Amino acid sequence: MFKNFVDRIGVMNIIMILVVISIIIVSEILFLSGKKLDAIFIAFWAPTILGFMNYLKYKK
Numbered sequence: 035m036f037k038n039f040v041d042r043i044g045v046m047n048i049i050m051i052l053v054v055i056s057i058i059i060v061s062e063i064l065f066l067s068g069k070k071l072d073a074i075f076i077a078f079w080a081p082t083i084l085g086f087m088n089y090l091k092y093k094k
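Next comes the structure, spelled out in structure tokens:
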């Protein structure tokens, strides 16, 4: 079942989604620890990476 999921989505897309999830988690940790400006700056990376993934997907 997991192999079918990986074959359908692609290894690189799964890696990028894991990176985006980790960015969101780090941003939340920073926000809750009081570093709000740093958290907001890092939080903007997630949609940028997702947008870049969409661009590469539709460029083909």
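When the count follows our numbering, it moves up by one through the sequence shown with no breaks and lands on 94 for the last residue. No residue lacks a Cβ here, since even glycine has one placed at the ideal position from N, Cα and C. Only a predicted model underlies this, so the values are computations on that prediction, with no experimental measurement involved.
Between Ile57 and Ile83, the C-beta gap is smaller than 9 Å, which places the two residues in contact. Approximately 21 Å separates the beta-carbon atoms of Ser61 and Ile48; this is outside 8 Å, ruling out the contact. Measuring C-alpha to C-alpha distances from Ile55 to each of Trp79, Lys91, Gly44 identifies Trp79 as the nearest. In the displayed model, Gly85 falls within a helix according to three-state DSSP. Sequence-distant partners of Val53 (beyond 5 residues in either direction) whose C-beta falls short of 6 Å from its own C-beta are missing from its chain.
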